[in-house]
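J.: This structure is in structure tokens; I'll ask about it shortly.
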Amino acid sequence: MQASTHLIKGNLEVKISKRRDLPCFREFKERKSTLTRNLCIRRGSICSGLSSGAVSMGAELARARDNVETVARSLIKFRSVKGQASGGDVEDLAPINPHETSTGTVLPFVGVACLGAILFGYHLGVVNGALDYLSKDLGIAQNAVMQGWVVSTLLAAAAVGSFTGGALADKFGRTRTFQLDAIPLIIGAVLTAIAQNVQTMIIGRLLAGIGIGITSAIVPLYISEISPTDIRGALGSVNQLFICIGILAALVAGLPLSRSPVWWRGMFGLAVIPSILLALGMTYSPESPRWLFQQGKISEAEKSIGTLYGKERVPEVMYELRTAGQGSTEPEAGWIDLFSKRYWKVVSVGAALFFFQQFAGINAVVYYSTAVFRSAGIASDVAASALVGASNVFGTVIASSLMDRQGRKSLLITSFSGMGASMLLLSLSFTWKVLAPYSGILAVVGTVLYVLSFSLGAGPVPALLLPEIFASRIRAKAVALSLCMHWISNFVIGLYFLSVVDKFGISVVYLVFTAVCLLAVLFMAGNVVETKGRSLEEIELALNPTT
């Protein structure tokens, strides 16, 4: 056994001498003093009874053994990453840094970022209950076109905001972009609350739309870049959860409208509070270590890592960043680089995720849910909206617990499969005569199952998966481009859904959505990689081996 051990170590020493240029050697030098200090503790030695000479000799021998073992592990990890990057699947990629579950002080900063998600959901939902009341006050009660502009201006502006959010995040950093984003959010909320005419209302909605478009791009980006690998999925899905909470908050805020019709102004004005808290909170939040490293701000990156994970994790995380070579070998990518051969495939996957998410019919189901519930004898709009919203929140909570156990890809496939089955049930409930006696209850069950299925994967996963699969030099811009697809698709569905239903019937439209869900399942199975349990650096090495 000893002979075999010496032979293995001898071979390793030969290989080590040939690999002096590997990053693991530089990291080893940084860890050398720490290894020496912790020697007795790690080996369980009883040092107090030994003479100084024995201690010195024992330490030297143990340190030599540690040196060989440490470098051997580093070589194995480096070879595994390099081999997978050159032709392997990310699902089989060996992690560079297996470590204990630790959130450190990440959670408070994730909470601050999620104020942007709450604003996202709140601005989407606030107009639903307030539209009739503000239309009367602003003199557009009989003008469906102007009412449509009040609703859709937010969506169109959000597309612009999401497209610019990535460039702002790359230029100014993630936290500074959050602070800048608070400006249109605050001004937009104030203008909509004090509007005396429809023009002011539309300008306010325009500014608020730009604001939530930017947050839709940078909230998942920031959360993914500061989250520890082992809980990144759970924390990333919190973004979708808080969007749902924002929508529910808007519904709850509308309850006093029946007693006080002018309360719609207060509903819009409430959005000022989380906007201010977001700006103040980001003043004390650490910048993304990955962005700082990419900018060459090494000392600031180390300080940020220490704040997020603890000072003892600084060498480990810095080693990951150096291994991935972020910011050191290539400049930031321009917009045209997103369409290059090198990145086009992964960028198209990101855009397709949001295309399928929207054209699978989620907003159409939400828009039409009130009519569906009325057909089942549920006349209360608030009850219908609350049931849909509660289903969405419940499903998102379940998804948060499954994200890092089941994985992103499997949740996407399961989610779109459930959505397709639910859509088929909804379509049949409107057409099959044999189901006519049960059409109402089947429509309600189909709607609730659809929303639950959506919230398990199609809702939270795309925003989480995008920052994971994009290389660091294109991450912010590629996320922004994909979010732009989200808002454009959302706008098109909202603009044309009712007219298409009037022309072809709701049953036919639901069958089209069923087909889209089936295509989504096939696309996810063939093009989406699993990312659970992998650091962003490992994923980047696997998907972009030349970076």
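Mapping of the sequence shown onto my numbering: residues 1131 to 1677, in sequence order.
Ideal placement from N, C-alpha and C gives every residue a C-beta, glycine not left out.
Note that this is a predicted model, so its numbers are computed, not measured.
(1) I'd like to know whether the C-beta atoms of ILE1248 and THR1307 end up nearer to each other than 8 Å.
(2) Under DSSP, the alpha helix (DSSP H) around ASP1311 begins and ends at which residues?
(3) In the structure shown, what three-state DSSP assignment does PRO1590 receive?
(4) With DSSP run on the structure shown, which of helix, strand or coil describes ASN1327?
(5) Grouping DSSP H, G and I as helix and E and B as strand, with all else coil, what is ARG1443?
(6) My output table needs one value for LEU1142: the three-state DSSP class, helix, strand or coil.
(7) Is the Cβ-Cβ distance between GLY1624 and GLN1370 less than 8 Å?
(8) Could you tell me whether any non-hydrogen atom of the ligand HEM is closer than 7 Å to the CB of PRO1597?
(9) Taking GLY1587 as the reference, which of VAL1622, GLY1537, ARG1304, TRP1279 has the closest Cα?
(10) Quick one: residues in its chain with C-beta nearer than 6 Å to the C-beta of ILE1492, no 5 flanking neighbours on either side, listed in chain order?
(11) Quick check on ARG1389: buried or exposed, where buried means 16 or more other Cβ atoms within 10 Å of its Cβ?
(12) Expressed to the nearest angstrom, what Euclidean distance is found between the alpha-carbon atoms of VAL1581 and SER1367?
(13) DSSP three-state label for GLY1341, please.
(14) On the DSSP letters alone, give me the boundaries of the alpha helix (DSSP H) that ARG1389 sits inside.
(15) With distance defined between alpha-carbon atoms, name the residue in SER1637, PHE1643, THR1294 nearest to TRP1747.
(16) Put PRO1597 into one of helix, strand or coil per three-state DSSP.
(17) Would you give the residue range spanned by the alpha helix (DSSP H) that ARG1684 belongs to?
(18) For TYR1640 and LEU1517, I'd like the C-alpha separation in whole angstroms.
(19) Could you pull the start and end residues of the alpha helix (DSSP H) that GLY1376 belongs to?
(20) Can you tell me whether ASP1632 is buried or exposed? The criterion is at least 16 other CB atoms within 10 Å of its CB, across all chains shown.
(21) Going by the beta-carbon positions, is the gap between CYS1647 and GLY1519 smaller than 8 Å?
(22) Considering ASN1657, what are the terminal residues of the alpha helix (DSSP H) in which it resides?
T.: Taking the definition as stated:
(1) No, the pair does not count as a contact, with Cβ atoms beyond the cut-off.
(2) It spans 1304-1324 - the alpha helix (DSSP H) in which ASP1311 sits, taken as one unbroken run.
(3) PRO1590: coil per DSSP, three-state reduction.
(4) For ASN1327, the secondary structure class from DSSP, reduced to helix, strand or coil, is coil.
(5) In the structure shown, the three-state DSSP call for ARG1443 is helix.
(6) For LEU1142, the pLDDT reaches just 39, beneath the cut-off of 50, and the residue's location in the model is therefore unreliable, although a value from the coordinates is still provided. DSSP places LEU1142 within a helical segment (H, G or I) once states are collapsed to three.
(7) The Cβ-Cβ distance between GLY1624 and GLN1370 does not fall below 8 Å.
(8) This structure lacks the ligand HEM, and indeed carries no ligand of any kind.
(9) Considering only alpha carbons, the answer is GLY1537.
(10) Excluding sequence neighbours, ILE1492 sits near PHE1584.
(11) Exposed, because fewer than 16 other Cβ atoms sit within 10 Å of the Cβ of ARG1389.
(12) Distance from the CA of VAL1581 to the CA of SER1367, rounded to the nearest whole angstrom, comes to 16 Å.
(13) Three-state DSSP puts GLY1341 in a helix.
(14) Counting along the chain, ARG1389 falls outside any alpha helix (DSSP H), and DSSP gives it neither H nor E.
(15) Residue 1747 is absent from the model: the chain starts at 1131 and stops at 1677.
(16) Note: PRO1597 maps to helix in three-state DSSP.
(17) The chain is shown only over 1131 to 1677; residue 1684 falls outside these bounds and no answer can be derived.
(18) Cα to Cα, the separation comes out at about 20 Å.
(19) GLY1376: member of the alpha helix (DSSP H) spanning 1362-1383, first to last residue.
(20) Exposed.
(21) No, the Cβ-Cβ distance between CYS1647 and GLY1519 is not below 8 Å.
(22) For ASN1657, the uninterrupted alpha helix (DSSP H) segment begins and ends at 1636-1657.
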